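What follows is one structure encoded as structure tokens, with my remarks underneath.
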Amino acid sequence: MEVKILMFAVLAEQFGGSSLLVEVAEGATVADAIEIMTDGEESKKKWLSPDRVAVAVNQSYCGRDRVLVAGDEIALIPPVSGG
Numbered sequence: 026m027e028v029k030i031l032m033f034a035v036l037a038e039q040f041g042g043s044s045l046l047v048e049v050a051e052g053a054t055v056a057d058a059i060e061i062m063t064d065g066e067e068s069k070k071k072w073l074s075p076d077r078v079a080v081a082v083n084q085s086y087c088g089r090d091r092v093l094v095a096g097d098e099i100a101l102i103p104p105v106s107g108g
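Numbering (my numbering), first residue to last: 26 to 108.
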């Protein structure tokens, strides 16, 4: 099944765009989708660690253990800074 991942700010820069479609298996979690999008590359994983990035599915914050369904939209939200 397919889910959409939205990325903002520095994440969009690091991953080359503000969104991407990821194919995940039935019963997959947010953590599974993140693992797929990083292709197992440690340099990409560091940008998406739980202490750096908040996660929302369909505009509601959630944990990475959230089970996905076809068509879900995952938002990866980096920390906000500025004044």
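C-beta: ideal position from N, C-alpha, C; glycine also. Just so you know, these numbers come straight off a predicted model, no measurement behind them.
Simplified DSSP state of Ser44, which is helix, strand or coil: Residue 44 sits at position 19 when you count from the first residue of the sequence shown. Strand.
Three-state secondary structure (DSSP) of Glu60: For the purposes of this step, residue 60 is taken as the residue at position 35 of the sequence shown. Glu60 falls in the helix class under three-state DSSP.
Spatial distance of Gly42 from Met32 (CA atoms): Sequence index remark: in the sequence shown, residue 42 carries index 17 (1-based). Sequence index remark: in the sequence shown, residue 32 carries index 7 (1-based). Rounded to whole angstroms, Gly42 to Met32 spans 7 Å at the Cα level.
Just how far apart, CA to CA, sit Leu36 and Leu73? The residue you call residue 36 lines up with position 11 of the sequence shown. The residue you call residue 73 lines up with position 48 of the sequence shown. Straight-line Cα distance between these residues: approximately 8 Å.
In the DSSP assignment, find the unbroken alpha helix (DSSP H) run with Glu67 in it and report its ends. The sequence position of residue 67 within the sequence shown is 42, counting from 1. Run containing Glu67: Glu67 to Lys70, per the alpha helix (DSSP H) assignment.
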